[in-house]
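Below: the structure, in structure tokens.
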Amino acid sequence: MTRFDWEGTSNKDAILLPHVVSAFSDCVHAWGSLEYLTCPVLDNGAVRHLSSLKSFEKLSTTLSSALTLFSPPHHSLSTITNFIKLIEIAPTGVQLIADTASASALADLLQTLSTQCDAIKLNTLYISEHGLTDQSPQTAGGRLELTRTTLEPAFKFKNLTMVQLNTTREVLLDDAALIDIADAWPKLIALGINPQFAWRVRPRVTLRGLRAFLARLPSLKVLDIAFDATIPFSSGHGISEDINMVYDPKPLCSLNLLNSWIDEANIVEVANFFSCISFPDLRDFGAWAFGVAMVEGRINVEDIMNAGSQQKLWMRVRERINAQRRSRGLVEVSE
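For the sequence shown, the residue numbers in our numbering are 14 to 348.
Here it is, written out as structure tokens:
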């Protein structure tokens with residue numbers, strides 16, 4: 014069997030019945046020379062089987078669950094991108110993992126997802142790209158970056174509720190980029206940007222930019238992000254100058270501030286911003302807890318030199334937040 018076309022039924026509930034999913038998926042596993050496939054539904058295992066076929070050229074289907082794909086060892090996300098270019102899918106979630114990074118791999122993957130995945134159905138996006146860096150001419154000796162331009166193709170997925178990007182890239186997002194993210198993904202419940210390795214450079218996001226970002230996301234509960242409270246305020250992007258202005262309480266319960274920067278002069282301002290008035294449900298509050306370490310043999314020297322002092326300053330912020338919470342009879346935050 015090299016080609017199979019089944020347009021099937023338009024009844025989406027019917028095609029997701031377990032016996033229907035199994036019937037099509039079992040057939041696909043039995044076909045080792047497929048080139049073209051159109052069928053109503055497949056499970057994740059069947060899609061992974063297709064990705065292993067050298068003969069395969071085109072797929073159109075609905076997935077019965079989230080799509081999970083791994084690049085082979087020592088291959089970047091580009092391998093996954095090349096496969097996704099062959100398929101048209103409508104998953105509710107995608108989990109894409111590679112143990113090797115390359116300069117354009119993440120941007121190329123997001124661009125391909127934006128054209129090959131149903132924009133309405135996708136609600137979960139998880140991408141992990143870490144470990145070794147390939148030695149292609151574009152990558153060797155160069156910087157790997159995560160910018161607004163990198164993310165922009167994914168802005169079409171307006172129903173995303175969970176986004177996690179785990180990379181060893183330097184994150185070059187600023188206030189304007191953060192506002193664009195919030196406007197593109199207004200239904201976010203959880204967002205993580207480099208939670209494992211932090212942002213690898215001193216953040217460009219300001220405290221006021223973070224405030225404006227949070228104000229746009231009424232459902233956000235989990236956030237891994239970095240900002241620099243020492244950056245002077247610059248008006249624009251709809252960001253209020255009054256950082257201490259009280260606004261509607263947010264449901265945020267877990268906040269990991271990664272390599273966020275602070276100094277002695279703005280401890281009170283930052284603590285007031287994260288007060289129990291604005292974040293009554295906050296339980297986890299951490300910063301500089303990611304472990305400043307070597308990544309692929311490269312050290313973020315500025316982070317290494319300042320980790321100890323920054324951890325102490327953030328401990329003082331947490332102490333002030335907990336003093337406020339105790340005075341109101343609320344549970345204290347922990348790291």
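Think of the CB as a built atom: it goes at the ideal place given N, C-alpha and C, for glycine as much as any other residue.
These figures come from a predicted structure and were not determined experimentally.
Residue i, enclosing alpha helix (DSSP H) - first and last residue
i	result
aspartate 39	31 to 43
alanine 111	Element bounds for alanine 111: not the alpha helix (DSSP H) but the beta strand (DSSP E), 106 to 114.
phenylalanine 286	280 to 286
aspartate 121	118 to 129
aspartate 188	188 to 197
phenylalanine 96	91 to 97
Classification of residue i by the beta-carbon crowding that lies within 10 angstroms, buried from 16 upward
i	result
glutamate 348	exposed
glycine 299	buried
aspartate 261	exposed
leucine 164	buried
aspartate 18	exposed
arginine 16	exposed
threonine 219	buried
lysine 263	buried
glycine 342	exposed
valine 281	exposed
threonine 125	buried
serine 291	buried
isoleucine 317	exposed
aspartate 297	exposed
Beta strand (DSSP E) segment containing residue i, residue limits
i	result
glycine 342	Careful: glycine 342 lies outside any beta strand (DSSP E) and carries neither H nor E.
serine 73	71 to 76
aspartate 237	235 to 237
aspartate 18	16 to 18
leucine 55	49 to 55
glutamine 177	175 to 180
alanine 203	203 to 206
phenylalanine 83	80 to 83
asparagine 269	267 to 269
phenylalanine 298	297 to 299
Supposed close pair residue i, residue j - CB separation, criterion 8 Å
i	j	result
leucine 295	leucine 268	6 Å
threonine 160	leucine 122	Not really, about 15 Å apart at Cβ, beyond 8 Å.
tyrosine 49	glutamate 20	That pair is no contact at about 13 Å.
leucine 72	leucine 109	Actually they do not touch by this definition, with Cβ atoms about 16 Å apart.
tryptophan 301	alanine 284	Not quite, the Cβ-Cβ distance comes to about 16 Å (not below 8 Å), so this is no contact.
asparagine 57	threonine 92	Contact doesn't hold; Cβ gap of about 17 Å is too wide.
leucine 270	alanine 239	6 Å
leucine 186	arginine 217	7 Å
leucine 223	lysine 200	Actually they do not touch by this definition, with Cβ atoms about 19 Å apart.
Sequence-distant residues of the same chain with beta carbon closer than 7 Å to residue i, five excluded per side
i	result
valine 54	Ile28, Leu29, Val33, Val34, Phe37, Thr74, Thr75, Ser77
aspartate 39	none
alanine 59	Ser38, Val41, His42
Own chain partners of residue i with C-beta closer than 6 Å, once the 5 adjacent residues on each side are dropped
i	result
lysine 134	Ala103, Thr105
alanine 195	Phe226, Arg229, Leu230
threonine 51	Asp18, Ser73
serine 64	Phe96
leucine 204	Val176, Leu236
aspartate 276	Thr243
phenylalanine 168	Ala197
glutamine 324	Trp301
8 Å CB neighbourhood of residue i in its chain, flanking five on each side removed
i	result
arginine 338	Cys289, Val344, Glu345, Val346
threonine 180	Ala114, Leu119, Ile140, Ser141, Glu142, His143, Leu157, Leu159, Asn207, Phe210
serine 89	Ala111, Thr113, Ala114, Ser115, Ala118, Glu142, Asp147
glutamine 129	Ile97, Lys98, Ile100, Glu101, Ile102
Validate contact between the region 132 to 140 and the region 206 to 215 using beta carbons, cut 8 Å, 3 pairs: no
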